[in-house]
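Trainee:
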Amino acid sequence: MPTDRSKVGDAPQFIKCDPVSRDFPPGWKDVWFRRMASRDEDGVVSYECPLCSRRFDHRDINYLQGDHMWPYSLFGDTSWANYQLICGSCNAAKSNVLETEIRLALGSGEFRRIVSQFLRGRPEAGKLSHFIPLPS
Ligand SMILES: [Zn+2]
-12 MPTDRSKVGD APQFIKCDPV SRDFPPGWKD VWFRRMASRD EDGVVSYECP LCSRRFDHRD
48 INYLQGDHMW PYSLFGDTSW ANYQLICGSC NAAKSNVLET EIRLALGSGE FRRIVSQFLR
108 GRPEAGKLSH FIPLPS
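Numbering of the sequence shown is given in the numbering used here, commencing with residue -12 and proceeding in unit increments.
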């Protein structure tokens, strides 16, 4: 089930985030957990991992990990808007899948073709012409 982001509200003002860093502020985990957790029929407050739907109570906070929804390796922001809290096994599985997909995309030559096509257009548009020798 996708996360209902309206429930989580704005980024906590009292915690600074460095947008250039790969790491999210550690304090965001607790804020996110408390805003998104819910109480089940037995009165236990727990948080549901948005990827696998397993539930975790606050004692498991160290197993939950702040994650870039749009991956950092693909230029995703380190920002509240790109943040989600997922469990450790989903985070590991996600990075394995992404690594494989990125390697496939790079290896297939498709990425090179797209970048090459983009760069070839630049000198023609009068940009970068001093920096990139045009291939014959
Ligand atoms: Zn999970």
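All C-beta atoms in this analysis are idealised placements derived from N, C-alpha and C, irrespective of residue type, glycine included. Predicted, not measured: the structure shown is a model, and the values here were computed from it.
(1) Between F143 and E28, what straight-line distance do the alpha-carbon atoms span, to the nearest angstrom?
(2) Along the beta strand (DSSP E) that carries I73, what are the first and last residues, could you check?
(3) What residue range is occupied by the uninterrupted beta strand (DSSP E) comprising V18?
(4) Among all the DSSP beta bridges, which residues are the ones paired with Q52?
(5) Give me every residue whose Cβ sits closer than 5 Å to any heavy atom of ligand 1, in chain order.
(6) Name the DSSP bridge partner or partners of F43?
(7) Would you mind sorting W67 into buried or exposed? The rule is 16 or more other CB atoms within 10 Å of its CB.
(8) Going by other Cβ atoms of all chains shown within 10 Å of its Cβ, with 16 needed for buried, is Y70 buried or exposed?
(9) Please name the residue or residues paired with R(-8) in a DSSP beta bridge.
(10) If you measure between the beta carbons of F1 and G53, is that distance less than 7 Å?
(11) Exposed or buried, which one is H45 when buried takes at least 16 other CB atoms within 10 Å?
(12) Do the stretch 23 to 42 and the stretch 86 to 97 meet, that is, are 3 or more Cβ pairs less than 8 Å apart?
Mentor: Quick look at the numbers:
(1) It is not possible to answer for residue 143, since the shown part of the chain is limited to -12 through 123.
(2) Per DSSP, I73 is one residue of the beta strand (DSSP E) stretching across 70 to 74.
(3) No beta strand (DSSP E) holds V18; the alpha helix (DSSP H) holding it covers 14 to 23.
(4) DSSP output for Q52 lists I73 as bridge partner(s).
(5) Going by the Cβ distance cut-off, the answer is C36, L38, C39, C74, C77.
(6) DSSP, once it has assigned bridges, lists Y34 as partnering F43.
(7) It counts as buried.
(8) Buried is the label assigned to Y70, since at least 16 other Cβ atoms lie within 10 Å of its Cβ.
(9) Note: R(-8) sits in no beta bridge, so no partner.
(10) No, the pair does not count as a contact, with Cβ atoms beyond the cut-off.
(11) H45 is exposed by the Cβ-count criterion.
(12) Too few Cβ pairs lie closer than 8 Å, so no.
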